[in-house]
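In the numbering used here, the protein residues as written are 1290 to 1826. Just so it is clear, CB atoms sit at the ideal spot from N, CA and C, and this is done for glycine as well. Report on the structure given below.
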């Protein structure tokens, strides 16, 4: 991103509806724009560093130090991730109705620091039985009940912090650009691309650094470093306080607004009602209609979210069975392969923003190159292809295990290089550039203006439901296949059948894609002028 992109020409006057940190009308030239958004982006990068410092390698911690089974650990991670991505619905309402986005970000960042500190303490040797070390080659380790309790309390506090941070930070960053100013509006569209670029940079760094430290030095230090990063990011965010634009609202809780809207929608506005009540009812009905019309798009992206959850669970367990040597001394941590998702996103976003969009604009005459729903649909196709590739690679991995006579030696490295898994990670990254960013922009842009934090929470709830559905599928399939004597998710992955699970997800994604095409063709954008009369697919 060059300087000409970051710096917008100054214009006189105040920004409508926005105030500065003292509550005065926000100056267009002195507040907001990229100079303010960069502070928000900085705390988001740190939040990604902290969150993925826990989640990226969590399955290794659960199946290692905590001694859980592969299927149990995967289900537990999906349940935790589901909570972390469903709670934003509640926290967005709290932010929009009471705390405001700025205060919510500050409080969530403080909670991140506290919860990450507790995780660090839970991983210290003081909790180990009889002085056992997790890096001991001779002594088996078993977690104490206190360690397990502190760990899970800390883990769900991280989920609560994530829930407060996630819907507010992105909306607060986008608030720094005036949607009614033509030049700032274009920069806001670009902001969503660079926002995800920043998120992925934080994810890439922590996946490489934290997973290596956790696997080779210690889990305490591996959890402690993200905690310190979050402390410094919070201080930097506070330094930008004077430059932010704040949007105040006298509206009630979004949940209360939606409840009144449903009541108004059901009863209708009777002619005997006073004009002011009738006007309020009409406004409430329009709000609930604005939310309900997003539901078909929401529902047809759930399987994409299920697929998304596999990269930090089963992909990591698969990678642990492969030859991960680079040179004679370096062994790549299994979780570090997730870095390729972030690196792909970071490499392709500038190409998308600087090459693909201008090229597409020549044909479509849309400022965004393609519509938001076209972007999401492309991502769904790539996700389906990624699962097909993952299934084929897993079939080969199982074949290598059989040919090498290592089926019953799950801890032995197979004579198959880790680079076989690279294509599915790259496809995941490409899918995210289209679907993930498209969904973020879609749910921010298409909800009623007063409910934008709630809109981003709806976006996150796709992944919450997806994680819960993934957890349910894993538990149900594990229970059903165990009865036949061979679980798809056996602790010995050489006797498991993850390939069957991946084929199942690919098939479900194909069905979902067909439904998405149908509902996207009839969807009418809230802002028709930007989308060429609603032609979406």
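Identify whether residue i lies in helix, strand or coil by the three-state DSSP scheme.
{"i": "residue 1791", "result": "helix"}
{"i": "residue 1321", "result": "coil"}
{"i": "residue 1659", "result": "coil"}
{"i": "residue 1812", "result": "coil"}
{"i": "residue 1316", "result": "strand"}
{"i": "residue 1775", "result": "coil"}
{"i": "residue 1304", "result": "strand"}
{"i": "residue 1534", "result": "coil"}
{"i": "residue 1309", "result": "coil"}
{"i": "residue 1614", "result": "strand"}
{"i": "residue 1620", "result": "strand"}
{"i": "residue 1633", "result": "helix"}
{"i": "residue 1443", "result": "helix"}
{"i": "residue 1654", "result": "coil"}
{"i": "residue 1589", "result": "coil"}
{"i": "residue 1607", "result": "helix"}
{"i": "residue 1399", "result": "helix"}
{"i": "residue 1449", "result": "helix"}
{"i": "residue 1432", "result": "coil"}
{"i": "residue 1406", "result": "helix"}
{"i": "residue 1299", "result": "With a pLDDT of 42 at residue 1299, under the threshold of 50, the modelled position of this residue cannot be trusted; read the value that follows with caution. In this structure, residue 1299 counts as coil in the three-state DSSP scheme."}
Leaving out five residues before and five after residue i in sequence, what residues of the same chain have Cβ atoms less than 6 Å from its Cβ?
{"i": "residue 1646", "result": "1658"}
{"i": "residue 1371", "result": "1753, 1756 and 1757"}
{"i": "residue 1609", "result": "1623"}
{"i": "residue 1467", "result": "1304 and 1473"}
{"i": "residue 1701", "result": "1695"}
{"i": "residue 1298", "result": "The pLDDT assigned to residue 1298 is 42, lower than 50, so where the model puts this residue is not dependable, and the model offers no usable value."}
{"i": "residue 1776", "result": "1767 and 1770"}
Is it the case that the Cβ atoms of residue i and residue j are separated by a distance below 8 Å?
{"i": "residue 1490", "j": "residue 1323", "result": "no"}
{"i": "residue 1500", "j": "residue 1514", "result": "no"}
{"i": "residue 1460", "j": "residue 1390", "result": "yes"}
{"i": "residue 1661", "j": "residue 1798", "result": "no"}
{"i": "residue 1334", "j": "residue 1602", "result": "no"}
{"i": "residue 1750", "j": "residue 1368", "result": "no"}
{"i": "residue 1443", "j": "residue 1398", "result": "no"}
{"i": "residue 1669", "j": "residue 1584", "result": "no"}
{"i": "residue 1594", "j": "residue 1752", "result": "yes"}
{"i": "residue 1345", "j": "residue 1496", "result": "yes"}
{"i": "residue 1332", "j": "residue 1626", "result": "no"}
{"i": "residue 1338", "j": "residue 1525", "result": "no"}
{"i": "residue 1534", "j": "residue 1312", "result": "no"}
{"i": "residue 1380", "j": "residue 1453", "result": "yes"}
{"i": "residue 1728", "j": "residue 1596", "result": "no"}
{"i": "residue 1717", "j": "residue 1600", "result": "yes"}
{"i": "residue 1376", "j": "residue 1449", "result": "yes"}
{"i": "residue 1457", "j": "residue 1373", "result": "no"}
{"i": "residue 1715", "j": "residue 1633", "result": "yes"}
{"i": "residue 1439", "j": "residue 1410", "result": "yes"}
{"i": "residue 1365", "j": "residue 1764", "result": "no"}
{"i": "residue 1778", "j": "residue 1359", "result": "yes"}
Measure how close the beta-carbons of residue i and residue j come, nearest whole angstrom, since I'm counting them as under 8 Å.
{"i": "residue 1262", "j": "residue 1611", "result": "Any question about residue 1262 goes unanswered here, given that the chain covers just 1290 to 1826."}
{"i": "residue 1782", "j": "residue 1503", "result": "No, residue 1782 and residue 1503 are not in contact; Cβ-Cβ is about 20 Å, not under 8 Å."}
{"i": "residue 1680", "j": "residue 1814", "result": "About 36 Å separates the two Cβ atoms, so there is no contact after all."}
{"i": "residue 1722", "j": "residue 1637", "result": "5 Å"}
Note down, in chain order, each residue of its chain lying with its Cβ closer than 8 Å to the Cβ of residue i, except the 5 sequence neighbours on either side.
{"i": "residue 1586", "result": "1662, 1665, 1731, 1805, 1808, 1809 and 1812"}
{"i": "residue 1291", "result": "Note that residue 1291 has pLDDT 40, beneath the 50 cutoff, so the model's placement of it is unreliable and the number below is only indicative. Here the set comprises nothing."}
{"i": "residue 1446", "result": "1400, 1403, 1404 and 1407"}
{"i": "residue 1828", "result": "No statement about residue 1828 is possible, as the shown extent of the chain runs from 1290 to 1826 and does not include it."}
{"i": "residue 1683", "result": "1607, 1787, 1788 and 1791"}
{"i": "residue 1508", "result": "1350, 1354, 1412 and 1423"}
{"i": "residue 1642", "result": "1479, 1482 and 1483"}
Less than 7 Å between C-beta atoms, sequence neighbours within five positions excluded: which residues of the same chain meet that for residue i?
{"i": "residue 1706", "result": "1611 and 1612"}
{"i": "residue 1628", "result": "1493, 1496 and 1497"}
{"i": "residue 1726", "result": "1481, 1482 and 1485"}
{"i": "residue 1696", "result": "1690, 1783 and 1784"}
{"i": "residue 1356", "result": "1431 and 1432"}
{"i": "residue 1531", "result": "1310"}
Task: alpha helix (DSSP H) runs wholly inside the stretch 1670 to 1757, at least 4 long, in chain order - done: Counting whole runs of 4 or more residues, the stretch 1670 to 1757 contains the alpha helix (DSSP H) stretches 1711 to 1720 and 1726 to 1735.
TODO: Tell me the start and end of each unbroken alpha helix (DSSP H) in the stretch 1452 to 1527 that is at least 4 residues and wholly inside, in chain order.
DONE: Fully enclosed alpha helix (DSSP H) runs of no fewer than 4 residues occupy 1471 to 1505 of the stretch 1452 to 1527, in order along the chain.
Task: Length at least 4, wholly inside the stretch 1327 to 1376: the alpha helix (DSSP H) runs in chain order - done: 1347 to 1352 and 1359 to 1375
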